[in-house]
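Q: Pasting a structure here, questions to come.
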Amino acid sequence: MFNKEELNQLYRYALSLATQEDTACDLVQEALLRYLKKYPPNHAIDKPLAYLKTIIRNLYFDLQRHNKVVPMVSANSEDILAIEPIDSFSIEEMMVNQQEVQRLLNGLSDEENELLYLWAVEEHTAEEIARIYEKPRGTILSSMHRLKKRIRQVSDDE
């Protein structure tokens, strides 16, 4: 099915993305598994290497998205000393802000809510969202612009 040179080419591509040998091996193996599940050996596609590289790239980006590291500050850091104590007014203000956000989200349609989730929480690009919805990228960008504008208007009105 795939010769040694093609497998090495896939591995080098995965290694260029992941920079760690174990992760590169895992990416190639998972890509091959997905490819073989979708296309049995008797069913060939035009450019299997390009298809496998796309799978590897998508797997890598998914892995990066799920393994995102949140920077932590040491308790001994000077940055901690700069943090001011929270008073009761700040807590009340945070509750009001949380209620405002909840009200804003409740005012969105299901499609707008999903678009906001994919963009803000899952951190998908407009291109990725366009592929998910099977719509042109420009349509997604336009929808995101209108959504942001609407959220700004509602928050400015208050």
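Following full-length UniProt numbering, the numbering of the sequence shown begins with 1 at its first residue and continues without gaps. Virtual Cβ for every residue (Gly too), placed ideally from N, Cα, C. What you are looking at is a predicted structure, and each value in this text was computed from that prediction instead of being measured.
Inspect the beta-carbon positions of Leu15 and Tyr60 and report whether they are closer than 8 angstroms.
A: Going by C-beta atoms, Leu15 is not nearer than 8 angstroms to Tyr60.
Q: Would Leu105 and Leu147 be called neighbours here (beta carbons separated by less than 8 angstroms)?
A: Contact flag unset, no.
Q: Is Asn145 buried or exposed, if buried means 16 or more other CB atoms sit within 10 Å of its CB?
A: Before going further, note that residue 145 is His rather than Asn in the sequence given. Exposed, because fewer than 16 other Cβ atoms sit within 10 Å of the Cβ of His145.
Q: Val28 lies in the alpha helix (DSSP H); which residues open and close that run?
A: Element bounds for Val28: 21-38.
Q: Out of curiosity, what's the CA-to-CA distance linking Glu112 and Lys135?
A: Answer to the nearest angstrom: the Cα atoms are 15 angstroms apart.
Q: Considering only their Cβ atoms, is the gap separating Leu10 from Leu52 smaller than 8 angstroms?
A: Yes, they are a contact pair.
Q: Flag this pair as yes or no: are the beta carbons of Leu49 and Glu114 separated by less than 8 angstroms?
A: Their beta carbons are not under 8 angstroms apart, which means Leu49 does not touch Glu114 by this criterion.
Q: Starting from the C-beta of Ala126, find all residues in its chain whose C-beta is less than 6 angstroms away, skip the five residues before and the five after it, and write them out in chain order.
A: Within the same chain, Ala126 has close Cβ partners Arg137, Ile140, Leu141.
Q: Which residues mark the beginning and the end of the alpha helix (DSSP H) in which Val154 is found?
A: Run containing Val154: 137-157, per the alpha helix (DSSP H) assignment.
Q: Could you give the distance in angstroms between the alpha-carbon of Arg12 and the alpha-carbon of Ser143?
A: In a straight line, the C-alpha of Arg12 is about 38 angstroms away from that of Ser143.
Q: Return the chain-ordered list of same chain residues with a C-beta closer than 8 angstroms to the C-beta of Val154, the five sequence neighbours on each side being excluded.
A: For Val154, where only same-chain residues beyond five positions count, the Cβ hits under 8 angstroms are Leu104, Gly107.
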